[in-house]
Structure formats: C-alpha cells, structure tokens
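Just below is one structure, and these are the notes that go with it.
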Amino acid sequence: MRAVTISAAGASRKLTLSQVNLREPDAGEVAIDVVAAGVNRADLLQRAGQYPPPPGAPEWPGLEVSGVVSGVGPGVSSWRVGDEVVALLEGGGYAERVVVRETQVLPAPDGVDLVDAAGLPEAVCTAWTNLVDTARLTAGEWVLVHGGSGGVGSVAVQLATALGAHVVATAGGPERAARCVELGAVAGLDHRRDDFVAGVRSASSGHGADVVLDVVGAKYLPDNVRVLAPGGRLVVIGLQKGRRGELDLGALMSKRAQVTGTTLRSRSAEEKAAIVAAVREHVWPMVADGRVRPVVHARLPLAEAEAAQDLLASGEAFGKVLLLP
1 MRAVTISAAG ASRKLTLSQV NLREPDAGEV AIDVVAAGVN RADLLQRAGQ
51 YPPPPGAPEW PGLEVSGVVS GVGPGVSSWR VGDEVVALLE GGGYAERVVV
101 RETQVLPAPD GVDLVDAAGL PEAVCTAWTN LVDTARLTAG EWVLVHGGSG
151 GVGSVAVQLA TALGAHVVAT AGGPERAARC VELGAVAGLD HRRDDFVAGV
201 RSASSGHGAD VVLDVVGAKY LPDNVRVLAP GGRLVVIGLQ KGRRGELDLG
251 ALMSKRAQVT GTTLRSRSAE EKAAIVAAVR EHVWPMVADG RVRPVVHARL
301 PLAEAEAAQD LLASGEAFGK VLLLP
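Counting with UniProt numbering, you get residues 1 to 325 for the letters of the sequence shown.
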C-alpha cells in the first residue's frame, strides 16, 4: 500500500509517498481503508525528529482517520467489514490503510460527511479529556481557549460551549477571532494586538478564567496564571512558543490554582479506550445534533502531504487540514 514516509537524512526531512507493508490485524484490532486522514501539529514535530512514534506504531505520521472497516482480527465483535468509522491512532494515518485497536474506533458520526469526519477523533478526544477529565469543567464556568482557530481549538470552543461554559478564544487576526464567536465563543480576541488578560476580565466582569486550555506554552505562562480565577486550572497541551518559562508560585498559591501538562499520544491503551468510550457517550450526540462539528480548512491529496503540513505550519488554516488517499 501507499503511505507518506519521512526521510531519515538531512535537516529538511522530506515527506515521500512510498510503498510500505502493513501487517494484518491481530486479536482485538481492525483494519480500515482510509478515506481521509487529519493533519496535526504533532505530525510536524514527528517530521522534525522531535516526537517519535511510540513502540509498535508505524514510522509514518498520522493520528486520526476516517474510513471503512476492511478486516477484523480474532475476537473482534464491535465492528464488521463495511462499517464506516473514525479512529484515534498512535501513528500511521498518512496511508491508504491502517490497523488500530478496536477500542480506539468510533462509528462515523451521524450528519457528518465521512471525509470531514477525519478531523474529529484527535481533536475531540484531546478537547474532551483536557476540559472534562483534567480541568473538571462545569457549566457556568469561564474558559479561555488559546488557538481557537486551530484543529483542537475550534472543537474545544464548540465543546465547552455545549457543556454550558462561557468561552473566550484567541486567534490570529480579527476575522479569525470573529469566526471563533461564530463557533460559540462569548468573545474572540486577536492575539496579535489584544491583551487576553484584560479581554477575559472584561468579558467575565472581572471574574477571570476558571479554565485555560493552552497550546502556546512558555510565552503565555505568566499571563495564563494572571488570568486565572481563584481555583482556576491551567492545562497546557502544546508548546508552540517554548517549553521553558518562569512560574510565579506565589501567584499560583494565592489563587489556589493548578497547572497541568498533558499529551494524548503517549497514554496507555486503557486510558485511550476510556477516552474514546466517553467521547462516544457524551460528545457523539453533540455532533449528531450539530452542537459540535468538524471545521475543515482544506482537503489535499495524500501525495501533497508536505504542502498540507506547510499549510498547517503557516498558521493560515482555520480548523483542520485533511489528506485524501
């Protein structure tokens, strides 16, 4: 089959459409013929040699796909050949076919085109586990979503709103900030010119953010702590602007606040199964009734994976970039 491989030599680390071998599904696994694959910033890090796949995962990138079940391993009873599904992967999504644990597969959501559905698994699982499991978000709280125009951010804005929270989102430029409001945010802030601490305090009548979902990292750390309300929770899920910052422990203590960093890819099979099950129970109904939808910026052929990653890296994409085999 064809897959997008990463060259091992040179600083540029090119992406190449290659012929590779994929094993058949083992016990508890399914094979999926890929209809579309999501492109994520983790893929860019893997290409740069900074985020290697976990043991046992394919060497080529790709953390989410939509497609049709084409094979099942021994003991699989949840899925049948021909089922339309989406899946959360450890890697290998930039390909014509994937093999994945049955516990990381979801039925294709009602009312969503199967191609566009590829933009949901990684984003929804990331948003759900960080907002609900980690941050313990409850209805009526204020949430600051950094990068509300991104693949995860655009879903997090919708999900937090559907959960009854008040959302403020940052994005690059007034038009993109306005689109975050269209997704459900109370306010959209242009991170290029707006002071997000002042913006959140204004929107929340001085309360601040009960939860901050941050993809930026070190650059925003001091202001993220400043914007927290008493008892606030800062959850760092990305490091786009640095991994080392200075944390004012006094400010953290005075607010009885918490700072947590998480990743999804490295979690155990049991943890991922629990997250996927929770998403199916709680979020899939929101997708079916339109409260949460995939936001897709572009769809490109698998052979143009490098252009797709460049588009994502440029910051011009609003929502997801997808690859079609």
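Virtual Cβ for every residue (Gly too), placed ideally from N, Cα, C.
Quick check: what's the CA-CA separation for residue i versus residue j?
| i | j | result |
| --- | --- | --- |
| LEU189 | VAL4 | 36 Å |
| GLN258 | ARG97 | 41 Å |
| GLN309 | ASP43 | 8 Å |
| ILE237 | THR260 | 9 Å |
| PRO109 | LEU311 | 27 Å |
| GLU306 | ASP223 | 34 Å |
| LEU22 | GLY71 | 12 Å |
| GLY206 | GLY199 | 10 Å |
| GLU141 | VAL105 | 31 Å |
| LEU228 | ASP113 | 38 Å |
| SER18 | PRO174 | 41 Å |
Could you tell me which of the options sits nearest to residue i, measuring between CA atoms?
| i | options | result |
| --- | --- | --- |
| TYR94 | SER77, GLU102 and PRO61 | PRO61 |
| ARG47 | SER7, PRO174 and PRO58 | SER7 |
| ARG192 | ALA177, VAL200, SER205 and LEU183 | ALA177 |
| VAL152 | VAL105, ASP83, LYS219 and THR263 | THR263 |
| LEU300 | LEU45, ALA36 and ARG13 | ALA36 |
| LEU89 | GLY82, VAL65, VAL69 and VAL81 | VAL65 |
| PRO107 | GLU122, GLY92, GLY91 and ALA87 | ALA87 |
Using three-state DSSP, classify residue i as helix, strand or coil.
| i | result |
| --- | --- |
| VAL186 | coil |
| TRP128 | helix |
| PRO74 | coil |
| TRP79 | coil |
| LYS320 | strand |
| HIS282 | helix |
| SER66 | strand |
| ASP210 | strand |
| ASP33 | strand |
| GLU271 | helix |
| GLU84 | strand |
Less than 9 Å between the C-beta atoms of residue i and residue j, yes or no?
| i | j | result |
| --- | --- | --- |
| VAL225 | LEU252 | yes |
| VAL167 | VAL197 | no |
| GLY119 | VAL296 | yes |
| ASP135 | ARG265 | A small correction: the amino acid at residue 135 is Ala; Asp does not occupy that position in the sequence shown. Their beta carbons are not under 9 Å apart, which means ALA135 does not touch ARG265 by this criterion. |
| VAL34 | PRO325 | yes |
| SER204 | CYS180 | no |
| VAL115 | LEU302 | no |
Inspect the CB distances between the segment 114 to 134 and the segment 264 to 283 and report whether three or more fall short of 8 Å. yes
Quick check: the segment 263 to 273 against the segment 138 to 150, are there 3 or more CB pairs under 8 Å? no
Contact the segment 64 to 80 vs the segment 18 to 35: 3+ CB pairs below 8 Å: yes
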